[in-house]
Amino acid sequence: MSITTESELIGMQQASEAAAYTLREMVKYAKPGMTTKELDNYGGQILNDLGAKSAPYVTYGFPGWTCISVNNEFCHGIPSDKTILAEGDLINIDVSAELNGFWSDNGNSFVIGEDLNQHQKLIEASKQILQKAIHNIKGGVRIADIGFLIETEAKKRGYKVIKNLTGHGVGRNLHEEPHEIANYRDRFNLTRFKKNSVVAIETFISTTSTYAETLQDGWTMVGNKGGFMAQHEHTIVVTDGKPIILTEMNEIWN
640 MSITTESELI GMQQASEAAA YTLREMVKYA KPGMTTKELD NYGGQILNDL GAKSAPYVTY
700 GFPGWTCISV NNEFCHGIPS DKTILAEGDL INIDVSAELN GFWSDNGNSF VIGEDLNQHQ
760 KLIEASKQIL QKAIHNIKGG VRIADIGFLI ETEAKKRGYK VIKNLTGHGV GRNLHEEPHE
820 IANYRDRFNL TRFKKNSVVA IETFISTTST YAETLQDGWT MVGNKGGFMA QHEHTIVVTD
880 GKPIILTEMN EIWN
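Take the position in the sequence shown, starting the count at 1, then add 639; the result is the number in the numbering used here.
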């Protein structure tokens, strides 16, 4: 969407704070021995208490309030009573929410407890690359140039990007134009970021894979060559200068 009034900005801020607060609290709550369903129910209750709805549930009938992916699962992991979190697991929580007709999206990859499996380096790369990408976005910048920046920064650190997972426009729906904000230079994408538009920028930084494939459950995605992936995501408003980071409350950069 494009922000044209003060009330639209306030609406986006409120929806974004609901999504960001839920994500932050879920990250704090996650611990070894807990099932991903338990963690998801906790997040669902927070959204409910805030008067917000789960965007993937409302939009796609997703079987959970949030997406929780563990270890080799890259994204869209289904919360389950059978998946028990363990010390050192790499986990990704993606929370998208609808509140009063406005939609916002954010995500965070982190380690449960001690970093026993050395995932922190990948996580830090994803966070730093997201920060650099967002601070290079303003009205008129080519979307493909931000993709090039993300892929270049990933390569510098010895990582790859997932080419079929992308950021996207957001606001009045969960997915809007621009439909693809890729993590590589898509030379066929000639579109530019527009001032006052709302977009969800997300990194998909991986150790070995370059594409994500869907498992038989119809939701969970894993790498075409295995390995691990870190994703971090903020919803922002594009301006002429520094973007407004609507989901800053999630504290993924802290």
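Quick reminder that beta carbons are idealized off the backbone N, C-alpha and C, glycines included.
- Using a Cβ distance threshold of 8 Å, Gly746 and Glu664 do not count as a contacting pair.
- In the DSSP assignment, Ile642 falls outside any beta strand (DSSP E) and carries neither an H nor an E.
- Contact between Phe741 and Met651 holds, with the beta-carbon distance rounding to 5 Å and staying under 8 Å.
- Shown here, Phe827 sits in coil according to DSSP, grouped into three states, outside any helix or strand.
- A check of alpha carbon separations from Ile773 across Asn756, Glu645, Gly682 and Ile820 identifies Ile820 as the nearest.
- Judged by their CB atoms, Cys714 and Asn731 are nearer to each other than the 8 Å cut-off.
- Excluding residues up to 5 positions away in sequence, Ile685, Leu689, Met888 and Asn889 lie with their Cβ nearer than 8 Å to the Cβ of Tyr660 in the same chain.
- For the pair of segments examined, the segment 714-725 was found to touch the segment 663-678: the number of CB pairs separated by less than 8 Å reaches three.
- Within the same chain, Cβ atoms closer than 7 Å to the Cβ of Pro695 are found at Phe701, Cys706 and Ser735, the five residues on either side in sequence being excluded.
- Leu738 is bridged by DSSP to Phe741.
- Here Ala691 is near Glu737, since their CB atoms are less than 8 Å apart.
- The beta-carbon separation of Ile762 and Ser748, rounded to 6 Å, stays under the 8 Å limit for a contact.
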